[in-house]
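A.B. asks: Provided herewith is a single structure, encoded as structure tokens, for subsequent inquiry.
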Amino acid sequence: MKKMILLLTVCAFAAGSSAMAADGAELYAKNCAKCHADDGTGKTKMGEKLGCKDYSKEAVEVDKGAKAVKEGLKDTGGKTLMKAYGETLSDEEIKAAVEHMKSFKK
Ligand code: HEC
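Written as structure tokens, this is what we have:
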């Protein structure tokens, strides 16, 4: 019986924590890595074409970055560089993904 309770507690904890905190690494891998690359260097086909910066060298500014992700980013000619994620991701998820990018800076 004791084992059973322990197991239930562990499961409830695992489920609760994943639903509460947005997983930045997972969100990043799913939505962002195709341009910014798994390691944030921007060395992907799309990233090089669009001119992604190397975020292993330059730290992301979380507030400014999160705003750009939410509202989208255009170049000076009005061409979309990064689409607006405000409708597909919550503020919390965007922030988690950008926070994850910060960890690329060595
Ligand atoms: C279609 C390609 C593409 C995708 C997908 C993409 N980005 Fe970007 N992103 C860019 C480009 C291009 C820039 C502008 C150059 C740069 O800052 O690297 C940029 C800029 C940024 C910046 C810097 C903005 C600033 O003004 O400081 C952040 C932070 C960022 N992206 C985060 C993300 C996150 C988080 C995701 C996933 C939710 C994502 N990007 C998905 C192409 C993309």
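In the numbering used here, the protein residues as written are 1180 to 1285.
The beta carbon of each residue, even a glycine, is placed where N, CA and C say it ideally should be.
Beta-carbon separation of Leu1260 and Leu1252 under 9 angstroms?
C.D. replies: For the purposes of this step, residue 1260 is identified with residue 81 of the sequence shown, where counting begins at 1. For the purposes of this step, residue 1252 is identified with residue 73 of the sequence shown, where counting begins at 1. Against a cut-off of 9 angstroms, the Cβ pair of Leu1252 and Leu1260 comes out as a contact.
A.B. asks: By how many angstroms is the C-alpha of Val1239 removed from the C-alpha of Lys1284?
C.D. replies: What you label residue 1284 is simply residue 105 of the sequence shown in a count that begins at 1. What you label residue 1239 is simply residue 60 of the sequence shown in a count that begins at 1. Approximately 8 angstroms between the Cα atoms of the pair.
A.B. asks: Report the start-end ranges of each alpha helix (DSSP H) in the region 1209-1283 that is 4 residues or longer and not cut off at the edges.
C.D. replies: 1212-1215, 1224-1229, 1241-1250, 1270-1281
A.B. asks: Nearest by alpha-carbon distance to Gly1244: which of Lys1209, Leu1229, Met1280 is it?
C.D. replies: Taking the sequence shown and counting its residues from 1, the one referred to as residue 1244 is at position 65. Gly1244 has its Cα closest to that of Met1280, out of Lys1209, Leu1229, Met1280.
A.B. asks: Are the Cβ atoms of Lys1232 and Gly1221 separated by less than 9 angstroms?
C.D. replies: Position 53 of the sequence shown, counting from 1, holds the residue named residue 1232. Position 42 of the sequence shown, counting from 1, holds the residue named residue 1221. Contact: yes.
A.B. asks: Quick check on this structure: which residue in Ser1235, Glu1250, Thr1223 has the alpha carbon closest to the alpha carbon of Asp1242?
C.D. replies: For the purposes of this step, residue 1242 is taken as the residue at position 63 of the sequence shown. Among Ser1235, Glu1250, Thr1223, the Cα nearest to that of Asp1242 belongs to Glu1250.
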